[in-house]
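J.: One structure is given below, represented as structure tokens, and several questions about it will come after.
2 protein chains.
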Amino acid sequence: MVKVKMFDAKEANNSPRKAAEVPVVDANAFYAVLESRRSVRIFTQDPVPEDTMRRCMEAALKAPTSSNLQTWEIHWVRSSEKKRLLIEACLGQPAAATAQELVVFVARPDLWKRNNGWMLDHLQSSPETPGKALQYFKQITRIVYTQGPWSLFRPFKWIWFTLRGIKKPTPREPIHAGQMRIWAHKTTALAAQNFMLAARAEGFDSCPMEGLDSYRVKRLLGLPRTAGISMAISVGKRAEGGVYGSRFRFDSSHFIHEH
Amino acid sequence: MVKVKMFDAKEANNSPRKAAEVPVVDANAFYAVLESRRSVRIFTQDPVPEDTMRRCMEAALKAPTSSNLQTWEIHWVRSSEKKRLLIEACLGQPAAATAQELVVFVARPDLWKRNNGWMLDHLQSSPETPGKALQYFKQITRIVYTQGPWSLFRPFKWIWFTLRGIKKPTPREPIHAGQMRIWAHKTTALAAQNFMLAARAEGFDSCPMEGLDSYRVKRLLGLPRTAGISMAISVGKRAEGGVYGSRFRFDSSHFIHEH
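Here the protein sequences line up with chains H and D, keeping their order. Start counting the first sequence at 1; every next residue gets the next number (the numbering used here). Start counting the second sequence at 1001; every next residue gets the next number (the numbering used here).
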């Protein structure tokens, strides 16, 4: 979600743009995966192969991520003792208790600076990196994501963005630690959805769980207070009666608005 | 992500559980979609059929959603005047300026109570609804998601959850409006990822954009201050040069941790 202009859109809109070659894909096969993904709360005893788990986790990390800063983590809890503790922290719910595998998706807003440094290392290692890309990770991300200790820069950022915003479009967030958390949680959830769909594509099922004791989960995973538990996700094969009723959504006219 | 126990996991773990019938799916076809999804920043002039857009939006709304409360919205900006304003609010970036279609994913933590009422209406309309499901939407969601005006209940919830948490696993969030925002943004991002993958499956491409003026976007869409702009997403056909470089992720060993 890089914002630097590397292209003059107005200029290009005057001449037709050539289509790029893109792999041919099968929409029906994709929708079969998406439609059959349900939150499964009772799993069979069939194990999930390690390879499957690894492919699903790698698929998760191919989600788009804000400024490519990858402020996400996946914690795969494999030891039976830690699994027992994680099931407890998930309030013992059957989706956790009957799961064959359990992972925890974690948002790491606190690691944006480390990752920004890695991005710079990566970009600087190639002579073909456009100057604007370098500038983005040298200046823009630092202005946007630095909030100061205890979000001390908040009032200054607010005044600056608000005054600038009177005359021209100006990003308003993030200007404090709470908004940094939202920012990292969004990116992490995009990855989590990739993971759940990949599990379904592999013939397995999943259940995302937010009803958990985040304090205990952080202690179990050795995570600092600044990390955010996005959700635990269980994986396994769907058991009979494992889906509680048919999918129910309110009429989409409540959610899809046209302007 | 319902937490009510409708099933005794310990009991069931003693007897093998029968697998449910699940549609057969094609993992390779799914991965072809996932792998070819890239953030596309320059689109061709080819239009996106209205049907395609509707299928992608419906696919979005099939993502899992916390407590099934569906605190999400998709705003599809179709009029050319509003599109012009939205492109401006997206800072004129090419991914917006060259997009054929533009949607905005919006988190609506402020609408949880309305949707909880709808869930109750739905459940109460069927005589087969288990009592625990009714109890969940009558009591548990109300305890969990009610924060009081200006999050006044925060200190009480904090003390209650912290004391209870000493002895037994206890959810720690959400206890204030900021955590309600995180909660709704997570659910909305899950839907956004479905949308982007569906667009790819349909032969189109997308770009999620968070670098935008949320104040102007809310004004444009007639949204209250309490709504949260998750991201704008552009849709179109990938133009030559529309992807800025090959996909770059740091080594996954930084993000995948085993316990």
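Yeah, the Cβ is synthetic: ideal placement off N, Cα and C, and Gly gets one too.
1. For Leu1120(D) and chain H, any beta-carbon pair shorter than 9 Å?
2. Could you compute how far the alpha carbon of Leu134(H) sits from the alpha carbon of Pro1130(D)?
3. In or out: Ser1246(D) buried (at least 16 other Cβ within 10 Å) or exposed?
4. Counting contacts by CB-CB distance shorter than 9 Å, is Lys5(H) in contact with chain D?
5. With Met209(H) and Ala95(H) assumed to form a contact (beta carbons below 8 Å), what rounded beta-carbon distance in angstroms separates them?
6. Is Val1103(D) helix, strand or coil by DSSP?
7. Residues of the stretch 1137-1160 of chain D in Cβ contact with chain H at a cutoff of 7 Å, in chain order, please.
8. For Gly1131(D), which of helix, strand or coil comes out of DSSP?
9. Could you check whether the stretch 1203-1222 of chain D touches the stretch 1108-1127 of chain D, counting it as contact only if at least three pairs of C-beta atoms, one from each stretch, sit closer than 8 Å?
10. In this structure, how does DSSP classify Ala1019(D) when only helix, strand and coil are distinguished?
11. Could one say the Cβ of Val25(H) lies closer than 9 Å to chain D's Cβ atoms, at least one of them?
12. Does the stretch 12-28 of chain H come close enough to the stretch 1232-1242 of chain D that 3 or more CB-CB pairs lie under 8 Å?
13. Using three-state DSSP, classify His1257(D) as helix, strand or coil.
14. Whole angstroms are fine: how far does the CA of Glu1073(D) sit from the CA of Lys1083(D)?
15. What number of angstroms, rounded off, separates the C-alpha of Ala198(H) from the C-alpha of Met57(H)?
16. How far does the alpha helix (DSSP H) with Cys90(H) in it reach, from first residue to last?
17. Could you run through the stretch 56-89 of chain H and flag, in chain order, every residue whose CB is less than 8 Å away from some CB of chain D?
18. Asn1194(D) touches chain H at which residues, Cβ-Cβ below 7 Å?
19. Pick out the complete beta strand (DSSP E) segments inside the stretch 180-254 of chain H, 3 residues or longer, and give them in chain order.
20. Just to confirm the assignment, what range does the beta strand (DSSP E) spanning Glu73(H) have?
21. Inspect the CB distances between the stretch 1138-1145 of chain D and the stretch 180-187 of chain H and report whether three or more fall short of 8 Å.
22. For the alpha helix (DSSP H) containing Gly117(H), list its first residue and its last residue.
23. Please compile the residues from chain D whose C-beta is within a distance smaller than 8 Å of the C-beta of Asp213(H).
24. Mind pulling the chain D residues with CB within less than 7 Å of Arg200(H)?
25. To the nearest angstrom, how far is it from the Cα of Arg114(H) to the Cα of His1254(D)?
26. Who pairs with Phe1043(D) in a beta bridge, going by DSSP?
27. Using CA coordinates, which residue listed in Lys1168(D), Ile1233(D), Gly1203(D), Leu1190(D) is at the minimum distance from Glu88(H)?
28. Are three or more beta carbon pairs between the stretch 57-66 of chain H and the stretch 1029-1049 of chain D nearer than 8 Å?
29. When you compare each of Phe204(H), Phe156(H), Trp118(H), Glu173(H) to Phe979(D) by their alpha carbons, which one comes out closest?
30. Would you please verify whether the beta carbon of Val1235(D) is less than 9 Å from any beta carbon of chain H?
T.: On the basis of the supplied data:
1. Contacts with chain H at 9 Å (Cβ-Cβ) do not include Leu1120(D).
2. Note on geometry: alpha-carbon atoms of Leu134(H) and Pro1130(D) lie some 57 Å from one another.
3. Exposed, by the Cβ-count rule.
4. In this prediction, Lys5(H) has a pLDDT of 46, which is less than 50 and means its spatial position is unreliable; what the coordinates show is noted afterwards. At a cut-off of 9 Å between C-beta atoms, Lys5(H) counts as an interface residue with respect to chain D.
5. About 6 Å; that satisfies the 8 Å criterion.
6. Of the three classes helix, strand and coil, the one that applies to Val1103(D) here is strand, per DSSP.
7. Cβ contacts with chain H come from no residue of the stretch 1137-1160 of chain D.
8. The answer is helix: DSSP assigns Gly1131(D) an H, G or I state.
9. Using a Cβ-Cβ distance cut-off of 8 Å, the stretch 1203-1222 of chain D and the stretch 1108-1127 of chain D are not in contact, since fewer than three pairs of beta carbons, one from each stretch, lie closer than that value.
10. Strand at Ala1019(D).
11. Val25(H) belongs to the set of residues whose beta carbon lies under 9 Å from a beta carbon in chain D.
12. As far as the Cβ criterion goes, the stretch 1232-1242 of chain D touches the stretch 12-28 of chain H, which means the pair count is three or higher.
13. Strand at His1257(D).
14. Rounded to the nearest whole angstrom, the CA to CA distance from Lys1083(D) to Glu1073(D) is 18 Å.
15. One C-alpha to the other measures close to 9 Å.
16. Taken as a continuous stretch (DSSP letters only), Cys90(H) belongs to no alpha helix (DSSP H), as it is neither H nor E.
17. Within the stretch 56-89 of chain H, the qualifying residues are Met57, Glu58, Ala59, Leu61, Lys62, Ala63, Pro64, Ser66, Asn68, Gln70, Trp72, Glu73, Ile74, His75, Trp76, Val77, Arg78, Ser79, Lys82, Glu88, Ala89.
18. Ordered by position in chain H, the residues that pass the 7 Å Cβ test against Asn1194(D) are Leu34, Gln193.
19. Here the runs fully enclosed are 205-209, 228-236.
20. Segment 72-77, the beta strand (DSSP E) holding Glu73(H).
21. The stretch 1138-1145 of chain D is not in contact with the stretch 180-187 of chain H.
22. For Gly117(H), the enclosing alpha helix (DSSP H) has its first and last residue at 112-124.
23. Those within 8 Å of Asp213(H) in chain D are Gly1165, Pro1169, Thr1170, Pro1171, Arg1172.
24. Within 7 Å Cβ-Cβ: Val1025.
25. When rounded, the separation of the alpha-carbon atoms in Arg114(H) and His1254(D) is 11 Å.
26. DSSP lists Arg1238(D) as the beta-bridge partner residues of Phe1043(D).
27. Distance check between Glu88(H) and each of Lys1168(D), Ile1233(D), Gly1203(D), Leu1190(D) places Lys1168(D) closest, using alpha-carbon atoms only.
28. Touching, yes.
29. A query on residue 979(D) cannot be resolved here, the shown segment of chain D reaching from 1001 to 1259 and no further.
30. Not flagged as an interface residue toward chain H: Val1235(D), since no C-beta distance is shorter than 9 Å.
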